[in-house]
Amino acid sequence: MTDRNSNETFISQRAPEPVGAFPHAKRVGNLLFLSGIGPRKRNSKEIPGVTLGENGEVVSYDIEKQCRTVFENVRTVLEDADAGWNDIVDVTVFLTDMKKDFPTFNKLYAEYFAGKDKPNPTRTTFEVNCLPTPIAVELKVIAAVSA
């Protein structure tokens with residue numbers, strides 16, 4: 270029997286550093302909660318698919334490149350927390366431009382999540398005014414893992 274009060278914090282040495290005072294993931298019982306994961310690169314200010322102007326404003330972005338990077342960052346955090354892609358049970362998606370980006374996101378999401386031998390988690394998608402860094406997509410993931 271799993272101790273419901275047991276918890277463990279995970280900081281990945283491979284995923285992008287958190288942008289605040291929080292871990293990449295926290296395990297409580299059989300659930301693994303990932304903090305919001307964006308498309309940034311570790312040890313870099315680079316955000317794949319984002320072109321910034323002189324004042325740091327977003328000039329253009331490639332939502333497909335950002336989505337693929339987010340999915341790989343999620344995979345990295347899961348692996349470093351002793352979990353896997355198929356353990357994902359719930360995904361919350363934050364997009365900064367639902368009208369423009371949702372069709373592309375939805376198509377890519379199906380590549381990674383739908384079909385035989387892939388997880389089919391529940392999902393909720395929100396449009397938000399902005400995210401903490403100049404990104405267009407962020408995922409919040411919950412996984413169910415073995416004790």
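FYI, the numbering for the sequence shown is 270 to 416, going by my numbering. Every residue, glycine too, gets a C-beta built ideally from N, C-alpha and C.
- Within a 10 Å sphere around the beta-carbon of Val288 sit fewer than 16 other beta-carbons, which makes this residue exposed.
- Residue environment analysis places Gln282 among the exposed positions, since fewer than 16 neighbouring C-beta atoms fall within 10 angstroms of its C-beta.
- The DSSP-derived three-state label of Lys310 is coil.
- Within the same chain, Pro308, Pro317, Gly318 come within 8 Å of Lys334 by CB-CB distance, once the 5 residues on both sides are set aside.
- Secondary structure at Val319: strand, using DSSP grouped into helix, strand and coil.
- Note on the segment 369-412: whole beta strand (DSSP E) runs with a minimum of 3 residues are 391-396, in chain order.
- The Cβ atoms of Ile357 and Pro388 sit closer than 7 Å to each other.
- Distance between Asp386 and Glu380, taken at the CA atoms: about 12 Å.
- In the structure shown, Asn355 adopts helical secondary structure according to DSSP, grouped into three states.
- A Cβ-Cβ separation of about 5 Å places Pro390 in contact with Val360 under the 8 Å criterion.
- Excluding sequence positions up to five before and after Asp370, its CB lies within less than 8 Å of the CB of Ile332, Leu364, Ala405, Val406, all in the same chain and listed in chain order.
- Leu408 and Ser415 have their C-alpha atoms some 22 Å from each other.
- The beta carbon of Gly322 is closer than 7 Å to those of Val328 in its chain, skipping five residues each way along the sequence.
- DSSP places Arg296 within a strand segment (E or B) once states are collapsed to three.
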